[in-house]
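Protein sequence lines, in the order shown, are assigned to chains P and V. 1 is the number of the first residue of the first sequence in the working numbering; add one for each residue after it. 244 is the number of the first residue of the second sequence in the working numbering; add one for each residue after it.
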Amino acid sequence: MSIWEYANPRKFLQSSERVMPVLWLSSGVLISVGLIWGFFFTPDDYRQGSTVKIIFLHVPAALMAINAWFMMLVASLIWVVRRHHVSALAAKAAAPVGIVMTLIALATGAIWGQPMWGTWWAWDPRLTSFLVLFLFYLGYISLWEAIDNPDTAADLTAILCLVGTVFAVLSRYAVNFWNQGLHQGASLSLDEKENVADAFSNPLYVCMAGFVLFFLALVFYRTGTEIRARRIKALLARQRQEA
Amino acid sequence: MMALLIRDLRLAVRAGGGFGLGLAFFLIVTVLVPFAVGPQSDLLARIAPGVLWLGALLSCLLSLDRLLALDWEDGSLDLLATAPLPLEAVISIKALAHWIATGLPLVLAAPLLGVLLNLPLDGYLWLVVSLLLGTPALSVIGAFGAALTVGLKRGGLLLSLLVMPLYVPTLIFGAEAARRGAMGMGVETPLLMLAGISAGVIALMPFASAAVLRINLR
């Protein structure tokens, strides 16, 4: 029993269909519990008032925005090295989810920033690198859409993903150099000095877990759609050949 | 390799305006800026390094789709791919030719356009140095974008969308070096970072470009 068995589209579809209801259900429960807990059962911050509670959407979305790209990177590498089609399709399926997560993070950040920082947008390193990440997603998705041949598209986007990762990291450090930050430090990290208070971190963990499962469910679902779309394409092509 | 370089340069100079077009675009962008932001000389002096860098970047971008498209259409790219010269070398030479035909004239023209934008006197040297260090990176990264989109019918717009995010680090350090130079501050750190990025992409990017080109030539 190795993980590569799931590179078989049929096997992947079978097992993902078994896993998906669990993922949908648990992510729904976790997100609802986390958000309700976070919105109604945590105290207001003494400086930020109730606006602090947007953190329960902002942080998990930002987390998934970055990890979706990371997942695309891993899937692209698997495609380049082992040439499993499911892997390329999973990368394709994750990109739109990632770009939406990036948008959610940017939008919730702007909504929170307006009352707190007095501005919807500032050219802060974190904000800027998220905007750059958004542009990378945009380029990646457009390249997928632009190329007809699925294998060529998978190859080219995989290499774009690898190169883009290097440049995204470079940009992250470049913008640090270019402007001073307004954004607060990490909300959660292993050295606990600058973390958010416990009252907020527990529902935040729940929300983050919910978003991770939600992302997985979406990616499984969309990968399944891509596999079926490709099958239909192949069947239609065969039918045309026979006719 | 020299033969290929000379051929590409000849084509760039002769084949109908591709050579001067980038320069003309750089000029017109620079001329349009005062119309857009107003003619106050202190404002222009403050934004001049950034505007000139952005103008150079856009002119470079404009000429990228010619980098491989013509060779792709008439089939000479296939010949080059089957030639004994490795594809990595071919793409490096093509990027070099693009830099000599587009980047270098931009570097030389930038001080003249700096006069139009009232660039402070201290800024000229560092503007030229930063452009000289940064434009090769623009050409090499651009060659990767050109290789990605070479097989597409209307790849021009997509090319810009793909390449511009990759230009972010180069632009940040290049414009920062030029800006600090114009304000009379120390320029070592951004210049070193810029040189590092240029050296890194010149060394590594041709491999990615050649890999992409091989996929497109399949």
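Don't be surprised by glycine CBs; every beta carbon is placed ideally from N, CA and C.
Beta-carbon proximity of residue i to residue j, cut-off 7 Å
{"i": "LEU311 of chain V", "j": "ALA389 of chain V", "result": "yes"}
{"i": "LEU263 of chain V", "j": "SER306 of chain V", "result": "With the sequence shown as reference, residue 263 of chain V is identified as Gly, and Leu is not the correct amino acid for it. Contact: no."}
{"i": "ASN179 of chain P", "j": "TRP121 of chain P", "result": "no"}
{"i": "ALA168 of chain P", "j": "PHE136 of chain P", "result": "yes"}
{"i": "LEU391 of chain V", "j": "LEU73 of chain P", "result": "no"}
{"i": "LEU300 of chain V", "j": "TYR367 of chain V", "result": "no"}
{"i": "LEU248 of chain V", "j": "ILE334 of chain V", "result": "no"}
{"i": "ALA61 of chain P", "j": "MET101 of chain P", "result": "yes"}
{"i": "LEU376 of chain V", "j": "SER441 of chain V", "result": "yes"}
{"i": "PRO412 of chain V", "j": "SER171 of chain P", "result": "yes"}
{"i": "LEU339 of chain V", "j": "THR273 of chain V", "result": "no"}
{"i": "GLU316 of chain V", "j": "PHE450 of chain V", "result": "no"}
{"i": "ILE3 of chain P", "j": "GLY210 of chain P", "result": "no"}
{"i": "VAL95 of chain P", "j": "MET71 of chain P", "result": "Just to set this straight, residue 95 of chain P is Ala in the shown sequence, not Val. Not closer than 7 Å, so no."}
{"i": "VAL206 of chain P", "j": "VAL29 of chain P", "result": "no"}
{"i": "THR51 of chain P", "j": "TRP112 of chain P", "result": "yes"}
{"i": "LEU35 of chain P", "j": "PHE56 of chain P", "result": "yes"}
{"i": "SER403 of chain V", "j": "HIS341 of chain V", "result": "no"}
Closer than 7 Å at the beta carbon, the chain P residues around residue i
{"i": "ALA332 of chain V", "result": "Under the 7 Å cutoff, chain P gives no residues; its nearest Cβ is about 19 Å from ALA332 of chain V."}
{"i": "PRO412 of chain V", "result": "PHE167, LEU170, SER171 and ALA174"}
{"i": "GLU419 of chain V", "result": "TRP178"}
{"i": "VAL455 of chain V", "result": "LEU156 and ILE159"}
When the options are compared against residue i, the one with the closest alpha-carbon
{"i": "VAL430 of chain V", "options": "V:TRP315, V:VAL276 and V:GLU419", "result": "V:GLU419"}
{"i": "GLY38 of chain P", "options": "P:ARG126, P:MET20 and P:VAL59", "result": "P:VAL59"}
{"i": "TRP296 of chain V", "options": "V:ASN459, V:ALA352, V:GLY439 and V:LEU404", "result": "V:ALA352"}
{"i": "LEU434 of chain V", "options": "V:LEU323, V:MET426 and V:ILE415", "result": "V:ILE415"}
{"i": "ILE104 of chain P", "options": "P:PHE130, P:ARG228 and P:GLU5", "result": "P:PHE130"}
{"i": "LEU304 of chain V", "options": "V:ALA246, V:MET448, V:LEU401 and V:ILE334", "result": "V:LEU401"}
{"i": "LEU466 of chain V", "options": "V:ALA255, V:LEU359 and V:PRO354", "result": "A query on residue 466 of chain V cannot be resolved here, the shown segment of chain V reaching from 244 to 461 and no further."}
{"i": "VAL97 of chain P", "options": "P:ILE141, P:ARG83, P:GLY118 and P:ALA107", "result": "P:ILE141"}
{"i": "TYR221 of chain P", "options": "P:GLN14, P:ASN67, P:SER2 and P:ASN8", "result": "P:GLN14"}
{"i": "LEU143 of chain P", "options": "V:MET448, V:ARG457, V:GLY398 and V:HIS341", "result": "V:GLY398"}
{"i": "ASP314 of chain V", "options": "V:LEU447, V:GLY394 and V:LEU404", "result": "V:GLY394"}
{"i": "SER208 of chain P", "options": "P:SER2, P:PHE177, P:ARG18 and P:LEU63", "result": "For the sequence presented, residue 208 of chain P should be read as Met rather than Ser. Of the candidates P:SER2, P:PHE177, P:ARG18 and P:LEU63, the one whose C-alpha sits nearest the C-alpha of MET208 of chain P is P:LEU63."}
{"i": "LYS53 of chain P", "options": "P:ALA229, P:SER201, P:ARG231 and P:VAL212", "result": "P:SER201"}
{"i": "ALA344 of chain V", "options": "V:SER403, V:ARG457, V:ASN459 and V:ARG253", "result": "V:ARG253"}
{"i": "ALA153 of chain P", "options": "P:TRP79, P:TYR173 and P:ALA174", "result": "P:TRP79"}
{"i": "VAL163 of chain P", "options": "V:VAL444, V:LEU437 and V:LEU370", "result": "V:VAL444"}
{"i": "THR378 of chain V", "options": "V:GLY417, V:PRO282 and V:ALA453", "result": "V:GLY417"}
{"i": "GLY293 of chain V", "options": "V:ASP308, V:MET436, V:VAL383 and V:VAL371", "result": "V:VAL371"}
{"i": "GLU226 of chain P", "options": "P:THR42, P:LYS92, P:PHE41 and P:THR51", "result": "P:LYS92"}
{"i": "THR128 of chain P", "options": "P:LEU57, P:GLY118, P:HIS183 and P:ALA90", "result": "P:HIS183"}
{"i": "ASN459 of chain V", "options": "V:ALA288, V:LEU287, V:GLY318 and V:VAL276", "result": "V:GLY318"}
{"i": "ALA7 of chain P", "options": "P:ALA75, P:GLY49 and P:VAL175", "result": "P:ALA75"}
{"i": "SER177 of chain P", "options": "V:MET436, V:PHE269, V:MET245 and V:LYS396", "result": "Here residue 177 of chain P is Phe; the residue named in the question, Ser, does not match the sequence. Comparing Cα positions, the closest option is V:MET436."}
Integer-rounded CB distance, given that residue j should sit under 8 Å from residue i
{"i": "ALA88 of chain P", "j": "ALA146 of chain P", "result": "With a Cβ gap of about 16 Å, ALA88 of chain P and ALA146 of chain P do not count as contacting."}
{"i": "ALA425 of chain V", "j": "LEU362 of chain V", "result": "6 Å"}
{"i": "LEU138 of chain P", "j": "TRP69 of chain P", "result": "Contact doesn't hold; Cβ gap of about 12 Å is too wide."}
Residues that residue i contacts on chain P, provided the C-beta gap is smaller than 9 Å
{"i": "VAL430 of chain V", "result": "Near VAL430 of chain V there are no residues of chain P at all, since even the closest Cβ is about 13 Å away, more than 9 Å."}
{"i": "LEU297 of chain V", "result": "Correct list: empty, because the minimum Cβ distance to chain P is about 14 Å."}
{"i": "LEU300 of chain V", "result": "Going along chain P, no residue has its Cβ under 9 Å from LEU300 of chain V, so there is no contact; the nearest lies around 15 Å."}
{"i": "LEU310 of chain V", "result": "Result: empty, since nearest Cβ-Cβ is about 17 Å, beyond 9 Å."}
Neighbour list for residue i in chain V, Cβ cutoff strictly below 9 Å
{"i": "GLY139 of chain P", "result": "LEU401, LEU404, LEU405, VAL406, MET407, PRO408 and LEU409"}
{"i": "LEU135 of chain P", "result": "LEU404, MET407, PRO408 and VAL411"}
{"i": "ALA65 of chain P", "result": "Within chain V, no residue comes near ALA65 of chain P; the closest Cβ sits about 15 Å away, beyond 9 Å."}
Within chain P, partners of residue i - CB distance below 8 Å
{"i": "ILE458 of chain V", "result": "THR152, ASP155, LEU156 and ILE159"}
{"i": "ALA451 of chain V", "result": "ILE159, LEU162 and VAL163"}
{"i": "ILE415 of chain V", "result": "SER171, ALA174, VAL175, PHE177 and TRP178"}
{"i": "PHE387 of chain V", "result": "VAL163"}
{"i": "LEU395 of chain V", "result": "ALA146 and ILE147"}
Interface residues of chain V facing residue i [CB-CB closer than 8 Å]
{"i": "VAL132 of chain P", "result": "PRO408 and VAL411"}
{"i": "ALA93 of chain P", "result": "Result: empty, since nearest Cβ-Cβ is about 20 Å, beyond 8 Å."}
{"i": "SER142 of chain P", "result": "LEU401, LEU404 and LEU405"}
Residue i Cβ short of 6 Å to the ligand HEM heavy atom set
{"i": "PHE12 of chain P", "result": "No copy of the ligand HEM occurs in the structure displayed, which carries no ligand at all."}
Interface flag, residue i vs chain A, CB-CB below 7 Å
{"i": "ILE159 of chain P", "result": "Among the protein chains of the structure shown, namely P and V, there is no chain A."}
Complete runs of the alpha helix (DSSP H) confined to the stretch 23 to 100 of chain P [at least 4 residues]: 55 to 82
Inside the stretch 265 to 321 of chain V only - beta strand (DSSP E) runs reaching at least 3 residues: none
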